[in-house]
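Notes for the one structure printed next.
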Amino acid sequence: MNPTQNPTSGPAPGATAARTPNTLVTPGASPDMTLAAKPTLDPISTRIAVGPLLYYWPRQATLDFYAHLADSPAEIVYLGETVCSRRHELRLDDWLDVAAMLADAGKTAVMSSQALIESESDLKTLRRIVAQADFRVEANDMSAVRLLGEAGRKDWIAGPTLNIFNPATLGLMMEAGATRWVVAPEMSGGAMSALLAEMPARPETEVLAWGRLPLAHSARCFTARHFNLQKDTCEFRCLGMSDGIVLHTREGEPFLTLNGVQTQSARVHNLIADMAQVAHHADIVRISPQGAHTLDVVALFREVLDGRTGADEAFQRSTEWMVERACNGFWHGKPGLEYHAPGCA
């Protein structure tokens with residue numbers, strides 16, 4: 001991302017962004033036979049969260065993004081470095097300052113922990129996150145869970161990388177003090193519903209509704225390897241890559257995205273057309289920041305949840321802001337890279 005580009009708006013002046021629009025097509029129908037738009041939803045109390053920034057943006061671009069986010073319809077904002085501890089454009093004190101600014105603007109700020117703890121330095125930062133008492137903490141690995149338990153924190157959030165897939169594990173996290181569960185994006189809506197039905201006490205539930213899917217974390221940095229560099233001498237090549245590096249198959253199809261030690265999907269997980277089903281079980285929907293148009297996406301989700309815009313119309317509008325084609329297969333219990341129009345088999 002060009003440091004002068006606003007990550008909340010369109011590309012920098014003169015830039016173009018080629019993308020393939022998605023059309024909702026009934027299986028077996030001709031391509032011009034799109035689904036009839038569903039009626040708008042009744043206003044829904046589901047809140048909108050903006051997840052932690054997964055990419056390494058320049059310092060000023062990051063600060064500008066959160067300054068704009070303070071005026072957005074998002075109620076909850078997750079902050080902090082969750083991918084790679086070598087990313088130091090913002091230090092922990094800077095993230096805490098951003099959290100305080102957002103709290104002053106009426107947002108609920110949450111400090112997110114790193115998903116892959118590799119060193120004593122990482123643990124030192126994690127201990128500081130747990131020790132601060134001003135903001136809730138999203139635990140993204142079991143070391144965070146343990147430290148939060150030892151600190152007696154009873155208000156933390158079980159992050160998506162804890163890989164909670166059954167009632168016993170979710171119950172264990174709740175006993176340890178978790179009051180909110182961020183569902184792993186691989187989990188289908190049906191499996192999530194069945195799990196919650198078995199819980200004697202239901203936690204707040206948050207579902208990723210927009211963004212590239214985080215698929216794996218590794219001790220190796222694949223961005224560094226892409227440039228024939230070692231991880232410890234990576235030259236911070238991911239800095240300014242607003243949406244990572246897309247890998248293509250031999251046939252030229254976008255397949256994966258390299259984001260430092262994290263591997264993501266190439267396609268954009270987009271549940272805006274599934275909001276009626278998602279909001280039936282989720283208290284919160286999460287939007288993952290991307291290099292441009294994040295605020296537009298937040299505003300569009302708010303329109304759908306408030307019943308001001310139909311879900312299918314919103315999906316068509318959202319295609320203008322996706323960095324790649326849409327997918328929602330995991331939510332429907334199908335391969336994750338597929339897109340299934342709601343109501344279609």
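Residue numbers for the sequence shown follow this note's numbering, so the first one is 1 and each next one is one higher.
We put the CB at the ideal spot given by N, CA and C, even for glycine.
Here DSSP, grouped into helix, strand and coil, assigns Ser112 to strand. For the pair Val268 and Ala326, the CB atoms are nearer than the 8 Å cut-off. For Gln277, the enclosing alpha helix (DSSP H) covers residues 275 to 281.
Contact holds between the region 317 to 333 and the region 184 to 195, because three or more Cβ pairs, one in each stretch, are under 8 Å apart. By alpha-carbon distance to Leu79, the top candidate from Ala49, Pro58, Gln60 is Ala49.
With the rule of 3 Cβ pairs closer than 8 Å, the region 238 to 254 does not count as touching the region 176 to 187. With 16 or more neighbouring CB atoms inside 10 Å of its own CB, Ala282 falls in the buried class. The beta carbon of Ala109 lies closer than 7 Å to those of Val77, Leu79, Ala99, Leu102, Ala103, Phe135 in the same chain, with the five residues before and after it left out. Each residue's CA atom was taken as its position, placing Leu196 and Asn228 some 46 Å apart. Pairing Val298 with Cys221, the inter-Cα distance amounts to about 31 Å. The shortest C-alpha to C-alpha distance from Ser112 to any of Thr309, Gly260, Val137, Cys234 is the one to Val137. Residue nearest to Cys238 within the set Leu247, His248, Gly260 is Gly260 (criterion: CA-CA distance). Boundaries of the beta strand (DSSP E) harbouring Tyr78: 76 to 79, taken from the DSSP string.
Asp243 sits close to Gly291, with the two beta carbons spaced by under 8 Å.
Of the residues assessed, Ser72 falls on the buried side of the cut-off, its CB having 16 or more other CB atoms within 10 angstroms. When C-alpha distances from Leu116 are compared across Ala151, Arg202, Gly159, Arg91, the shortest belongs to Gly159. Put simply, of Glu313, Leu92, Asp306, Arg250 the residue whose alpha carbon is nearest the alpha carbon of Ala273 is Glu313.
For Arg47, the number of other beta carbons within 10 angstroms of its own is at least 16, and it is reported as buried. Judged by beta-carbon spacing, Leu215 lies within the 8 Å limit of Ser265, meaning their Cβ atoms are closer than that value. DSSP, reduced to helix, strand and coil, places Gly211 within a strand of the structure shown. For Phe315, the three-state secondary structure derived from DSSP is helix. Cβ contact annotation for Glu150 (same chain, cutoff 6 Å, sequence separation greater than five): none. Contact check for Asn140 against Leu172 fails: the beta carbons are separated by 8 Å or more. The three-state secondary structure of Glu235, taken from DSSP, is coil. DSSP places Arg302 outside any beta strand (DSSP E); the residue lies instead in the alpha helix (DSSP H), whose first and last residues are 294 to 305. A Cβ-Cβ contact shorter than 8 Å links Leu92 with Arg128. Within the same chain, Cβ atoms closer than 6 Å to the Cβ of Phe301 are found at Ile48, the five residues on either side in sequence being excluded.
Assignment of Ser265 by DSSP, reduced to helix, strand and coil, places it in the strand class. Ranked by Cα distance from Lys107, the options Asp97, Pro200, Ala131, Glu75 are led by Glu75. Closest in alpha carbon position to Ala133, among Asp122, Val145, Gly152, is Gly152. In the structure shown, Ile245 adopts extended strand secondary structure according to DSSP, grouped into three states. For the 8 Å CB-CB criterion, Trp321 and His293 form a contact. Pairing Leu69 with Leu208 gives a Cβ-Cβ distance that is not under 8 Å. Judged by DSSP in its simplified three-state form, Phe255 adopts strand.
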